[in-house]
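Chains as they are written, first to last, in this note's numbering: chain A, 1 to 1003; chain B, 1004 to 1099; chain C, 1100 to 1283.
C-beta: ideal position from N, C-alpha, C; glycine also.
As structure tokens, the structure follows; a few thoughts come after it.
Next comes the structure, spelled out in structure tokens:
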């Protein structure tokens, strides 16, 4: 077939540039400038897909992004994309598209049996049928999803790259039709920063391909070129405004390489996601024609009238040689005349009894037969319209009677009026008002949201004539620039003929020979979700009268097209049933996105290694060289363990754990949070923040501290050192660093602003190597000028000096219970310090160890990890740590909560050790201690395991747990029931498994 | 997505800030002599206002200063931002 | 110390494509000063030669020193010295004891300089802060967000910007800038 419906001339396509493409495997040719839809139509293809629920044959309805039917699967493999609207896909050479929602083929679809069974598939069918029993839903769902699927997601990683960016402007104009262009052109005559976005590849909006007047053409070309050449203007074609959020924050997707075809964008991003902050927004989004709701109005070939115009004007395609135009308003007469002028045999069917004589006589002059006061009562041709039957309407237009006529046609161009595209105004929080003159909702500026300054201009404001669009747009552009403090000098607007035809007479549901819902004919209003007028009647009968109920019960307007063509018809039909006015039924709120968008675009460049930052310490390279396996701790990559050849994790951790207690181990502790605290009230401040005493801490001495929140629950812990009377160095957990700094600042700034205390994060200022083990002293002493003897450098103190020639602060503190030093040097020397210690350590059997060994070793000593052994619901008393809670301080954060009834009650979870009866059994962390073992949950839980390891130093498994009333249960045997059903007995013990007297740390 | 007028840095994107709930809840000074009910009121209870709400914000990615905002929780309109210690705008008429 | 090699998180990398140059600047002394600024201003000026009472979101340079406004009670001083020892010592000497904080943050941060006609677009890709030449000019600085990182950005001249970022975020920001450089 060689583009049988292509006109010889006209349109914005390039007939010298043929493009090949396939649809359902069949090859076709189109031209540069086509969309997939226009190219298919040029080739006479009317059947494009099967509908969602009834699997009815469907074709194109529209020519723009409102298209509900023509959803196709674009491309294959990694590039495949489901549910693309054929009307929005620009044709490129080699394009591959397939139809959706059909099996085994589009022509013969098994699911079409649903259509025959449709009387058993009414609205709410799924809700009613698959409700009971609830346990079966999982089974039903699989089949329902299989039957209902629209397209297939790719299974490979996305080969494209995407870019997202922020943008700021004074005036953002949405839509580059006459109103938007006039607005942008006017605003751009000032110094305002202007952005103009339009979803089409070329500006012009509804006028694209039309010739209005020479003056208009000249103005248009000049405006477009001036906007392109103005440095203050960002003009983005192929860019869809997807969302309008508060404080004039709007998002848009720019399609950069989609129109070139997959893989042809070189290294350019496929799409760009714009996050725009605009001082003023001008919405010039145009309007959407709505279909008439008549019997079997979903047959392929039934289209919107303006779509027929667009295919003729913009793409040089005459959708059919015989066209019936069906309308309730004047605008479709332009379509009839246009189609006729381009060679179609046209019949006009108008539901109105009297029509502007100018229009009817123009039709007669063109040889178009006009039937006024008539309606289409049926459409013949399952896979493509072959004819329609029309009948006269009764006096009240509620029924049909009299002579029926059969009209042969391939296309039914229909118009039920125009709906202003108020999506963006609605998304901005504005409310709509019903305009009886146009039978549509328009923005109610008295109900706009003040934090989102915007104005609607042109057709989206209910002003349909080009002249009015230009005028409103230009005024809006001047006003918006002025609101930003800029003076515009807009040029004169071109004269254009009056083209905003109206004369609409409401006809929400076209009668046929049977009452709606009876007979086999279906009156569709929502094509994408297959919802009919009969479904609305059913909803009304069952009491779903409000728009929100109607929508959810029938699913009208809930498909990916968000009911762009269907919402108003649904409301009006419901209003008619209820005998109410349309505004009483209400209007749905439009929500983002305006059209579907890719996740790739939203993510932009923040994918892969930019998805979440990987934070590295200065020694990271050394760990990589040493073959470390890394663990994510917060955003940090920390060495987890350092396997030697042939070792698995268990073997490596056992080896490292033994080495720390037998010789010396080295851990990269740089990630611990560090906060520099200065000011004369610093000690007093710490007294409030920590549970223990700080005023009496000597300079150069360190102390462990526990922080609580006001609930009395443990929140963070760490060692803080007094560097000078009014100067402290605090450490926090790795994950808690930012939270603790925020916490300190919050108290200082909001509660105690009179305190002279200043906190500064210095986490990355210092690289930290921790030496732990009986040989730590000899190793350190071999590389430092600090006297490391026990007398000169006691436990819990800090010394400054040089380590390996590097200026260092050395803290003698321990998280292992071993003799230990944490060596802090400026980050710039971190790697050198590490390497120097590694080198010197050879003589002292130094072993590198990671976070897993750190966990094992500290558990052997019963040292808690905040967030693992605690969970935000335990107090220091629950953790058997009342030794760290001052009894003498009058107040500290959380203190008062200790005497709350709940923190005081018997039976609270308390921190204990667990030793399994079988020393080889390592309990899973999270396992529950149960009161009584049963065959299956639920079982009464007495607590749970928080930490559990195989300890090489204890030569058996060890575990820590929170157990109700645990401190009173030491020596008891408890039962742990595992997920796999196994039951383990364990003895409740003290949580310290090694060196209970704490001799080693003080060695 | 709000624009928030930091009293120190000026108007900035909401993603630079964090919100920390209701403002002007002073920590009781004499904590040890409070009844459980009084202490619970301070620790657990907030007004959960529909309408004008005074709330605390911190300019996390900016100057790291805490400040207060007067926001309508229905429309998200922020009528004013003010420094800690300053009297909230319109406090005289709207103080409960 | 003289024989110690200084390392930085990006080891002075350079990325250069048409219209864009990104490089890590050599390490310099960076010191945070906090306290009641009107009271501290004279002392800061006597050490740095720069007035500490300055407009929000600005920075100012004299000789080897640059002073950044970070907050009502917070300033950041850059000095061309590689270490901050001298600067910290002289500030501590001049400032009233107990009523201020002087903290060496030389290694806490590194500085990535980005320049070229694409620079503003690259920066706009990651930050919601408006860096349009009308809004963000030489002498302006801002603490804001770039991707997931907190940054201090300052406009040196025309299309040249310094981005100060924490050591552990440097690699992330670097990769981000380089990747986006190919997209704008």
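{"Query": "Taking 8 Å as the threshold (beta carbon to beta carbon), is residue 19 of chain A in contact with chain C?", "Result": "no"}
{"Query": "Going along the segment 1043–1074 of chain B in order, which residues come within less than 7 Å of chain C, judged by CB to CB distance?", "Result": "1064, 1065, 1066, 1067 and 1068"}
{"Query": "Pairs of beta-carbons, one from the segment 22–33 of chain A and one from the segment 84–97 of chain A, closer than 8 Å: are there three or more?", "Result": "yes"}
{"Query": "Evaluate contact between the segment 334–343 of chain A and the segment 417–430 of chain A, counting only Cβ atoms and requiring at least three cross-stretch pairs below 8 Å.", "Result": "no"}
{"Query": "Under a CB-based cut-off of 8 Å, is residue 1220 of chain C close to chain B?", "Result": "no"}
{"Query": "Decide if the segment 449–457 of chain A is in contact with the segment 392–404 of chain A; the criterion is three or more beta carbon pairs, one per stretch, under 8 Å apart.", "Result": "no"}
{"Query": "Residue 761 of chain A by DSSP, collapsed to three states: which one?", "Result": "strand"}
{"Query": "Going by DSSP, which residues form a beta bridge with residue 666 of chain A?", "Result": "A:771 and A:848"}
{"Query": "With residue 1023 of chain B and residue 1057 of chain B assumed to form a contact (beta carbons below 8 Å), what rounded beta-carbon distance in angstroms separates them?", "Result": "About 12 Å separates the two Cβ atoms, so there is no contact after all."}
{"Query": "In the DSSP output, which residue or residues are listed as bridge partners for residue 289 of chain A?", "Result": "A:418"}
{"Query": "What's the gap between the Cα of residue 205 of chain A and the Cα of residue 296 of chain A?", "Result": "30 Å"}
{"Query": "Less than 8 Å separating the beta-carbons of residue 734 of chain A and residue 819 of chain A?", "Result": "no"}
{"Query": "Determine the chain A residues that contact residue 1080 of chain B at a beta-carbon separation under 7 Å, and present them in chain order.", "Result": "450 and 451"}
{"Query": "Give, in chain order, every unbroken run of the beta strand (DSSP E) that is at least 3 residues long and sits entirely within the segment 1138–1171 of chain C.", "Result": "1158–1161 and 1164–1170"}
{"Query": "Write down the C-beta distance between residue 756 of chain A and residue 1148 of chain C rounded to the nearest angstrom, noting that I regard them as a contact closer than 8 Å.", "Result": "Wrong, their Cβ atoms sit about 27 Å apart, outside the cutoff."}
{"Query": "Am I right that residue 686 of chain A and residue 721 of chain A are in contact with their C-beta atoms under 8 Å? What's the rounded C-beta distance?", "Result": "About 11 Å; that fails the 8 Å criterion."}
{"Query": "Output yes if chain A places a C-beta closer than 8 Å to the C-beta of residue 1020 of chain B; else output no.", "Result": "no"}
{"Query": "Whose Cβ in chain B lies nearer than 9 Å to the Cβ of residue 472 of chain A?", "Result": "What residue 472 of chain A touches in chain B: nothing, since even the nearest Cβ is about 27 Å away."}
{"Query": "Out of C:1194, C:1259 and C:1239, which one is the CA nearest neighbour of residue 1053 of chain C?", "Result": "This structure cannot speak to residue 1053 of chain C, because chain C is shown only from 1100 to 1283."}
{"Query": "Please classify residue 808 of chain A: does DSSP put it in a helix, a strand, or coil?", "Result": "strand"}
{"Query": "Can you confirm whether residue 245 of chain A, when its beta carbon is compared against all beta carbons of chain B, has any partner nearer than 8 Å?", "Result": "yes"}
{"Query": "Quick one: residues in its chain with C-beta nearer than 6 Å to the C-beta of residue 78 of chain A, no 5 flanking neighbours on either side, listed in chain order?", "Result": "154, 156 and 159"}
{"Query": "Between residue 286 of chain A and residue 177 of chain A, which are expected to be in contact by the criterion C-beta below 8 Å, what is the C-beta distance as a whole number of angstroms?", "Result": "5 Å"}
{"Query": "For the segment 1269–1280 of chain C, which residues have a CB atom closer than 7 Å to at least one CB atom of chain A, in sequence order?", "Result": "1270, 1271, 1274, 1275, 1278 and 1279"}
{"Query": "With 8 Å as the C-beta to C-beta threshold (strictly closer), list the residues of the segment 737–762 of chain A near chain B in chain order.", "Result": "742, 745, 746, 749, 750, 751 and 753"}
{"Query": "Please report how far the alpha carbon of residue 274 of chain A lies from the alpha carbon of residue 1174 of chain C, in whole angstroms.", "Result": "34 Å"}
{"Query": "Taking 8 Å as the cut-off, decide whether the C-beta atoms of residue 293 of chain A and residue 525 of chain A are in contact.", "Result": "yes"}
{"Query": "I want to see whether chain D comes within less than 8 Å of residue 1198 of chain C, judged by CB atoms only; does it?", "Result": "Of the protein chains in this structure, namely A, B and C, none is chain D."}
{"Query": "Closest Cβ-Cβ distance between residue 890 of chain A and chain B: below 8 Å?", "Result": "yes"}
{"Query": "If you reduce the DSSP assignment to three classes, tell me which class residue 425 of chain A lands in.", "Result": "helix"}
{"Query": "Note down, in chain order, every chain A residue with its Cβ under 8 Å from the Cβ of residue 1204 of chain C.", "Result": "760, 762 and 765"}
{"Query": "For residue 1032 of chain B, name the three-state secondary structure that DSSP assigns.", "Result": "coil"}
{"Query": "On a Cα-Cα basis, can you pick out the residue from A:808, A:779, A:617 and A:889 that is closest to residue 694 of chain A?", "Result": "A:889"}
{"Query": "Please check the pair residue 123 of chain A and residue 531 of chain A, which I expect to be a contact at CB under 8 Å, by giving their CB distance rounded to whole angstroms.", "Result": "7 Å"}
{"Query": "Taking just the CA atoms, how far does residue 1109 of chain C sit from residue 614 of chain A?", "Result": "14 Å"}
{"Query": "Roughly how far, in whole angstroms, is the beta-carbon of residue 837 of chain A from the beta-carbon of residue 619 of chain A, given that I think they are within contact range, below 8 Å?", "Result": "10 Å between Cβ atoms; not a contact."}
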